[in-house]
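Structure record follows, encoded as C-alpha cells.
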Amino acid sequence: MILPIDVKENDFLAACKEFEKAIGKEWVFKSEEDLGLYRDAYSPQWDDADEPIPSLALAPKSTEEVQTIVKIANKYKIPLFPISTGKNLGYGSSAPQRRGDVIVDLKRMNKIIEVDDKRNFCIVEPGVSYFDLYEYVERNNLNVFLDIPDPGWGSPVGNALDHGWGYSYGMYRDHFGSHCGMEVVLANGEILRTGMGALPGAKTFAENKYGYGPYVDGLFSQSNFGIVTKMGFWMMPKPEHYLLLSLTMKHRDDLIPAVEILNYLEDSFIVGWPLYRSPLNPPHGKAMDPELKSYLTSKKGLPDLNKIQNYALNKNIPYWQIDIPIYGCKDTCYANMNYIKERFKVVKDAEIKVVQEFSLPLNAEQKTQLKHKVSLGIPNMEIFWLSTRGEATTPSDGHVWFSPIIPRDGKELLKCQDVYIQVFHDLGMESPITPFAHPRSWMYRAFCFMLAFGNSRTDPEHNLKLRQAYRTMVRVAAENGWGDYRAAPTFQDDVMGAYSFNNNALLRFNEQLKDCIDPNGILAPGRGGIYPKNARSQRFANSKLDEITLKNLKQGDKK
Numbered sequence: 014m015i016l017p018i019d020v021k022e023n024d025f026l027a028a029c030k031e032f033e034k035a036i037g038k039e040w041v042f043k044s045e046e047d048l049g050l051y052r053d054a055y056s057p058q059w060d061d062a063d064e065p066i067p068s069l070a071l072a073p074k075s076t077e078e079v080q081t082i083v084k085i086a087n088k089y090k091i092p093l094f095p096i097s098t099g100k101n102l103g104y105g106s107s108a109p110q111r112r113g114d115v116i117v118d119l120k121r122m123n124k125i126i127e128v129d130d131k132r133n134f135c136i137v138e139p140g141v142s143y144f145d146l147y148e149y150v151e152r153n154n155l156n157v158f159l160d161i162p163d164p165g166w167g168s169p170v171g172n173a174l175d176h177g178w179g180y181s182y183g184m185y186r187d188h189f190g191s192h193c194g195m196e197v198v199l200a201n202g203e204i205l206r207t208g209m210g211a212l213p214g215a216k217t218f219a220e221n222k223y224g225y226g227p228y229v230d231g232l233f234s235q236s237n238f239g240i241v242t243k244m245g246f247w248m249m250p251k252p253e254h255y256l257l258l259s260l261t262m263k264h265r266d267d268l269i270p271a272v273e274i275l276n277y278l279e280d281s282f283i284v285g286w287p288l289y290r291s292p293l294n295p296p297h298g299k300a301m302d303p304e305l306k307s308y309l310t311s312k313k314g315l316p317d318l319n320k321i322q323n324y325a326l327n328k329n330i331p332y333w334q335i336d337i338p339i340y341g342c343k344d345t346c347y348a349n350m351n352y353i354k355e356r357f358k359v360v361k362d363a364e365i366k367v368v369q370e371f372s373l374p375l376n377a378e379q380k381t382q383l384k385h386k387v388s389l390g391i392p393n394m395e396i397f398w399l400s401t402r403g404e405a406t407t408p409s410d411g412h413v414w415f416s417p418i419i420p421r422d423g424k425e426l427l428k429c430q431d432v433y434i435q436v437f438h439d440l441g442m443e444s445p446i447t448p449f450a451h452p453r454s455w456m457y458r459a460f461c462f463m464l465a466f467g468n469s470r471t472d473p474e475h476n477l478k479l480r481q482a483y484r485t486m487v488r489v490a491a492e493n494g495w496g497d498y499r500a501a502p503t504f505q506d507d508v509m510g511a512y513s514f515n516n517n518a519l520l521r522f523n524e525q526l527k528d529c530i531d532p533n534g535i536l537a538p539g540r541g542g543i544y545p546k547n548a549r550s551q552r553f554a555n556s557k558l559d560e561i562t563l564k565n566l567k568q569g570d571k572k
C-alpha cells in the first residue's frame with residue numbers, strides 16, 4: 014500500500030471510508046490496477062522509488078462533492094492533487110505531484126453550462142473535453158469555435174490552468190488569457206467566484222474578467238490554492254472565409270526579417286497562427302538524408318552552417334517554410350494576401366503560394382481535407398499519428414517537454430539554436446536541436462523553443478541522465494534570459510527556482526499566500542514549486558536523490 018506522505022495508515026483508512034460515503038464507493042479507486050491508470054505514461058522517474066504514484070483516486074460528480082472531499086482531507090491532513098481530464102502528456106499526465114498524493118479526478122464533472130454564439134462565450138466544467146464542446150457546437154449549429162490545443166482530448170479548463178496555447182488568432186491562442194470567470198473550491202471547502210461571478214445573479218460572468226477589486230484568477234493557474242470547478246471562455250466567431258498561404262525562403266538568415274514582418278501582421282490581426290518549419294527536416298516516415306545529417310556534426314562535433322546552407326541551395330530545398338492563415342470575408346482575405354506578398358518583397362527569393370481556401374461552414378469532406386484543422390478549432394488526434402513518423406527516437410517510450418520562452422525575434426531564435434546545440438555537445442549527447450529547428454509560435458507575443466527528452470521504462474540510468482540534462486538546460490536557459498513556462502512535476506522545483514529575482518521574491522510571496530489560504534497544506538503540495546510550511550523540506554527532493562545516485566555511480570566506475 015502506498016500512503017500519502019506523513020499520513021498514518023489508520024488515518025488514511027478512516028479517510029477512505031469517509032470518501033466512500035461522500036461520493037459513493039464505486040468512485041473511490043484504490044486497487045493497483047485502477048491506480049496504474051494514474052501513472053504518468055511518460056514519467057522520467059518510471060519505476061523509481063519516488064515515482065509519483067497516487068495512494069487513492071477520487072471521482073466527484075459535483076462542486077458539492079468536491080467541497081466534501083476537501084473537508085475530509087483537512088480533517089485527516091490528506092494531500093489532494095486535482096486533475097481535469099489528465100491528458101497532460103509530457104508535463105506529468107494524470108500523475109500526482111508527489112508519491113502518495115490523492116488524485117481528485119474531475120472528469121465526471123462534464124457539464125457544458127452555456128454556449129452563446131451571439132456574445133461569443135462558453136461556461137464549462139473541468140471534465141468537458143475539447144471534443145465534447147466542439148460536438149455540442151456543431152450539433153446545435155452555433156457560429157463560434159473555441160481555440161484548441163493539439164491533441165484535442167484534453168480539457169479547456171485543465172489546459173488553460175496550465176497556461177496552454179492554441180492555433181487561431183493571437184488573443185484566443187492564449188487559453189488562460191482568453192478565459193473569463195472561475196468558480197473555485199478553496200482549501201477550507203468554501204466556494205469562491207472570481208470577477209463578475211462574485212456578484213450574485215451576474216449576467217456577464219464569462220464576458221468581463223475583472224468585476225471589482227483585485228484580479229485573483231491568476232492565483233489558481235499552475236498553483237495549489239484551490240480546485241477550479243467552472244470556467245468561462247471567450248470564443249471566436251467562425252469566419253466567412255479561410256485562406257492558407259505558404260511562404261518559402263532560401264536562407265537561414267531570412268528568418269530574421271520574416272519574423273519582424275509576421276510580428277507586425279499578427280499584432281495587427283491581419284493573420285492568424287504562423288506555423289514555422291523547415292523542409293530540411295525529413296518528411297514524416299523518412300530518415301534524414303545521410304549527407305545532411307553528417308553536416309550536423311562535421312565541424313569538430315558541431316554543425317557546419319555553410320555546408321548546410323549550400324546543401325539546401327544545391328538541392329533546391331527551402332530553408333524555411335511558414336504556413337500563414339487568413340480569416341475574414343473573401344474580399345478581405347484576398348486583400349490581406351496581396352498586402353502580405355507586398356511586405357515580403359524585401360526578402361530575396363521569398364515565394365508565397367495559396368495552399369488551401371474554403372468558404373465556411375465546411376462540409377464533412379472539406380473538414381477531412383483541411384490541412385490544419387486546429388486553425389478552425391476542429392479537435393483531432395492526428396498529432397499522435399504524425400509523431401510516430403520520421404526518424405526513430407531512442408528510447409521511444411515517451412518524452413518530457415522542455416519549453417522555454419524566448420523573444421519573438423529571428424536573431425534570438427538562431428542564437429537559441431546555437432546555445433542548445435553547444436549544451437548537448439558539452440554533455441556528450443546527440444543534439445535534438447539543429448540549425449533548422451523551428452520555434453513554436455502558439456504564444457502570440459513570444460516564441461516557445463521546445464524540445465523533447467526521450468524517457469525509458471527499462472533503463473533507469475538513461476532517465477537519470479535525462480533529468481540531469483533537463484536541469485542543465487533550465488540553468489543555461491535562465492542564464493540567457495529564457496524561462497520554462499511549463500514542466501513535469503519532476504522539474505517544477507528547478508523551474509520555479511530559476512525565477513529567482515530578489516532572492517526568490519515571487520516564490521516567497523506565493524508561499525506566504527499558501528500558508529494563509531491552505532494552512533494544512535492539503536492542496537497539491539509542491540505544485541508549481543510552491544510548498545506549504547509543513548512540506549518545504551521536500552523541495553528539490555528528487556534532485557538531491559539524483560545527486561546521491563550520480564555520486565554512487567561515479568564511485569562505482571572508479572572501482
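With the numbering used here applied, the sequence shown corresponds to residues 14 to 572, in that order. Positions of the beta carbon are idealized from the N, C-alpha and C atoms, including for glycine. The model shown is predicted, which means the values in this text are computed figures rather than measured ones.
Taking residue i and residue j to be in contact with their CB atoms under 8 angstroms, please state how far apart those CB atoms are, rounded to whole angstroms.
i           : j           : result
residue 157 : residue 114 : Contact flag wrong, Cβ pair sits at about 37 angstroms.
residue 427 : residue 268 : 7 angstroms
residue 205 : residue 239 : 7 angstroms
residue 143 : residue 411 : Their Cβ separation, rounded to whole angstroms, is 22 angstroms, which puts residue 143 and residue 411 out of contact at 8 angstroms.
residue 121 : residue 73  : 7 angstroms
residue 459 : residue 418 : 5 angstroms
residue 509 : residue 542 : 3 angstroms
residue 499 : residue 416 : 5 angstroms
Measuring CA to CA, which of the options is closest to residue i?
i           : options               : result
residue 77  : 196, 56 and 54        : 196
residue 265 : 124, 67 and 362       : 362
residue 10  : 385, 218, 49 and 282  : One cannot answer for residue 10 here, as it falls past the ends of the chain, which runs 14 to 572.
residue 420 : 454, 388, 412 and 393 : 454
residue 243 : 355, 170, 527 and 150 : 170
residue 188 : 201, 142, 414 and 174 : 174
residue 37  : 457, 70 and 15        : 70
residue 75  : 35, 91, 53 and 93     : 35
residue 473 : 62, 32 and 22         : 62
residue 567 : 499, 477, 300 and 512 : 477
residue 322 : 372, 21 and 333       : 333
residue 358 : 378, 270, 160 and 325 : 270
residue 560 : 497, 500, 481 and 543 : 481
residue 546 : 531, 553, 554 and 556 : 531
residue 15  : 33, 48, 40 and 31     : 48
residue 248 : 225, 186 and 262      : 186
residue 507 : 516, 556 and 548      : 556
residue 160 : 178, 60 and 331       : 178
residue 84  : 172, 203, 99 and 184  : 203
residue 191 : 499, 456 and 308      : 456
residue 443 : 307, 149 and 80       : 307
residue 377 : 391, 33 and 330       : 391
residue 275 : 225, 349, 224 and 116 : 349
residue 126 : 225, 245 and 182      : 245
residue 445 : 53, 424, 223 and 483  : 483
residue 491 : 544, 437, 432 and 441 : 432
residue 514 : 504, 494 and 291      : 494
residue 293 : 180, 286, 194 and 303 : 303
residue 351 : 284, 463, 58 and 517  : 284
residue 496 : 462, 525, 67 and 524  : 462
residue 314 : 262, 228 and 441      : 441
residue 253 : 149, 198, 310 and 370 : 370
residue 414 : 225, 44, 479 and 262  : 479
In the DSSP output, which residue or residues are listed as bridge partners for residue i?
i           : result
residue 364 : 261
residue 338 : 257
residue 206 : 196
residue 573 : Within the shown structure, residues of the chain are numbered from 14 to 572, placing residue 573 beyond reach of any answer.
residue 42  : 70
residue 372 : 254
residue 312 : 315
residue 536 : 93
Query raised in the report: Which ranges would you report for the beta strand (DSSP E) in the region 406–477 if only whole runs of at least 3 residues count?
Result: 412–415, 417–419 and 464–467
Requested in this report: Counting only runs of 4+ residues fully inside the region 485–533, write out the alpha helix (DSSP H) ranges in chain order.
Outcome: 505–511 and 514–530
Requested in this report: Say whether the region 98–113 touches the region 205–214, bearing in mind that this needs 3 or more beta-carbon pairs closer than 8 angstroms, one atom from each stretch.
Outcome: no
Query raised in the report: Which ranges would you report for the beta strand (DSSP E) in the region 211–296 if only whole runs of at least 3 residues count?
Result: 239–247, 254–262 and 288–290
Query raised in the report: Okay, do the region 534–552 and the region 480–489 touch, 3+ Cβ pairs below 8 angstroms being the bar?
Result: no
Query raised in the report: Any contact of the region 145–156 with the region 223–234, i.e. 3+ C-beta pairs under 8 angstroms?
Result: no
Query raised in the report: Looking at C-beta atoms only, is the number of pairs between the region 15–27 and the region 79–91 that lie closer than 8 angstroms three or more?
Result: yes
Requested in this report: Tell me the start and end of each unbroken alpha helix (DSSP H) in the region 132–195 that is at least 4 residues and wholly inside, in chain order.
Outcome: 143–152, 169–174 and 183–186
Report task. Write down every uninterrupted run of the beta strand (DSSP E) in the region 94–139 whose length is 3 residues or greater and which is fully enclosed by it, in chain order. Result -> 115–118, 125–129 and 134–137
Query raised in the report: Touching or not, the region 215–227 and the region 131–142, by the rule of three or more beta carbon pairs under 8 angstroms?
Result: yes
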